[in-house]
Ligand SMILES: NC(=O)c1ccc[n+]([C@@H]2O[C@H](COP(=O)([O-])OP(=O)(O)OC[C@H]3O[C@@H](n4cnc5c(N)ncnc54)[C@H](O)[C@@H]3O)[C@@H](O)[C@H]2O)c1
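Residue numbers (the numbering used here): 4 to 257.
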């Protein structure tokens, strides 16, 4: 896979899975721009050679400005990776706070809508253009105690499949990636929140998370980066409108 001459934007790309994706594309020769709400992480990304800007994907005005900056700094865009997504509230539905519910949708699905809407003029001028949306195993299965997250990630799959039909005739491919539980600080806090909800020791819930994959282990951020690179590459030129699982075969979520 050669991404020389390709210009990539990764949202929430200054930490976690997004940073692994950005680093993979850079390793493969691309010019990579990351955006994130965390200013310290954005500074660090710049020091490490990525183009970077602070921006909140849930704010349409900020996303519009971001795309203007992307045009100026990279001269265009070939691949948009909609990676930004928050875990949302944990608990039975009747206990959930409306503001926390709405915030989950603001980032996880409205953020993807804003980014795609304002990136499309750039992508239409790009070459072999492609959009990669981060969904989740929770976008394919139900997840007790995480209704806002799961519903928002199912919405990502609906958006992906619809856009694949709308944009296919223009040669712009759209796919989603559905990771299982990924090793890192985010899953540690998800496990801690679930342990509080179930009133179980965190170790016990951690074991459940490891064993929900048939391989009996967590997924690594690099596994998601490898899939993002493959699906955005010419090797996947006929992969379109798919929700691609990278989850070690996960059939039940805890
Ligand atoms: N970690 C997992 O186990 C897992 C599993 C399945 C799917 N996912 C999805 O993968 C994606 C990345 O997950 P992660 O674990 O790296 O996340 P994370 O919680 O580690 O967050 C990564 C970055 O998102 C940034 N961010 C948060 N809100 C933002 C906003 N409004 N605008 C811009 N940036 C924002 C944060 O500052 C942070 O740098 C998300 O969409 C997540 O839902 C993660």
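Don't be surprised by glycine CBs; every beta carbon is placed ideally from N, CA and C.
Being a predicted model, the structure only gives us computed values, none of them experimental.
When the Cα of residue i is compared with those of the options, which residue comes out closest?
{"i": "residue 145", "options": "96, 24, 68 and 40", "result": "96"}
{"i": "residue 115", "options": "160, 129 and 99", "result": "160"}
{"i": "residue 38", "options": "9, 8 and 71", "result": "71"}
{"i": "residue 65", "options": "75, 82, 117 and 17", "result": "117"}
{"i": "residue 112", "options": "125, 131 and 62", "result": "62"}
{"i": "residue 54", "options": "35, 136 and 206", "result": "35"}
{"i": "residue 85", "options": "238, 210, 168 and 162", "result": "162"}
{"i": "residue 179", "options": "218, 204, 189 and 138", "result": "138"}
{"i": "residue 14", "options": "8, 69 and 182", "result": "69"}
{"i": "residue 248", "options": "141, 50, 76 and 130", "result": "141"}
{"i": "residue 11", "options": "126, 256, 90 and 182", "result": "126"}
{"i": "residue 25", "options": "110, 8, 48 and 59", "result": "48"}
{"i": "residue 169", "options": "119, 206, 182 and 154", "result": "119"}
Sorry if obvious, but does the Cβ on residue i come closer than 8 Å to a heavy atom of ligand 1?
{"i": "residue 214", "result": "no"}
{"i": "residue 178", "result": "no"}
{"i": "residue 105", "result": "no"}
{"i": "residue 137", "result": "yes"}
{"i": "residue 189", "result": "yes"}
{"i": "residue 112", "result": "no"}
{"i": "residue 93", "result": "no"}
{"i": "residue 27", "result": "no"}
{"i": "residue 287", "result": "Here the chain comprises residues numbered 4 to 257, so residue 287 is not present and cannot be evaluated."}
{"i": "residue 152", "result": "yes"}
{"i": "residue 60", "result": "yes"}
{"i": "residue 18", "result": "yes"}
{"i": "residue 229", "result": "no"}
{"i": "residue 56", "result": "no"}
{"i": "residue 156", "result": "yes"}
{"i": "residue 73", "result": "no"}
{"i": "residue 234", "result": "no"}
{"i": "residue 193", "result": "yes"}
{"i": "residue 86", "result": "yes"}
Near residue i, what residues of its chain come up, given a Cβ to Cβ distance below 7 Å and the 5 sequence neighbours on each side ignored?
{"i": "residue 225", "result": "23"}
{"i": "residue 235", "result": "82, 133 and 135"}
{"i": "residue 148", "result": "93, 94, 95, 197 and 200"}
{"i": "residue 239", "result": "233"}
{"i": "residue 110", "result": "60, 61, 87, 88 and 89"}
Expressed to the nearest angstrom, what Euclidean distance is found between the alpha-carbon atoms of residue i and residue j?
{"i": "residue 175", "j": "residue 133", "result": "5 Å"}
{"i": "residue 29", "j": "residue 104", "result": "35 Å"}
{"i": "residue 208", "j": "residue 79", "result": "45 Å"}
{"i": "residue 150", "j": "residue 156", "result": "10 Å"}
{"i": "residue 128", "j": "residue 81", "result": "8 Å"}
{"i": "residue 87", "j": "residue 32", "result": "23 Å"}
{"i": "residue 218", "j": "residue 252", "result": "7 Å"}
{"i": "residue 228", "j": "residue 204", "result": "32 Å"}
{"i": "residue 215", "j": "residue 143", "result": "14 Å"}
{"i": "residue 165", "j": "residue 75", "result": "30 Å"}
{"i": "residue 107", "j": "residue 158", "result": "12 Å"}
{"i": "residue 20", "j": "residue 130", "result": "25 Å"}
{"i": "residue 210", "j": "residue 257", "result": "10 Å"}
So is residue i in contact with chain B if we call contact Cβ pairs under 9 Å?
{"i": "residue 228", "result": "No chain B appears in this structure, which consists of one protein chain only."}
Counting only the same chain and skipping the five closest in sequence on each side, list residues whose C-beta sits under 8 Å from that of residue i.
{"i": "residue 243", "result": "167, 171, 176, 177 and 178"}
{"i": "residue 42", "result": "57"}
{"i": "residue 190", "result": "184, 212 and 221"}
{"i": "residue 99", "result": "92, 150 and 151"}
{"i": "residue 27", "result": "225, 228, 229, 231 and 232"}
Once the 5 residues before and after residue i are set aside, which same chain residues still bring their CB inside 6 Å of it?
{"i": "residue 4", "result": "31, 232 and 236"}
{"i": "residue 18", "result": "44"}
Could I get the ranges of all uninterrupted alpha helix (DSSP H) runs contained in the stretch 160–236, with 4 residues as the minimum, in chain order? 188–201, 205–214 and 224–235
Mind listing, in chain order, the continuous alpha helix (DSSP H) runs of no fewer than 4 residues lying wholly within the stretch 35–79? 42–50 and 63–77
Pick out the complete beta strand (DSSP E) segments inside the stretch 79–139, 3 residues or longer, and give them in chain order. 82–85 and 133–137
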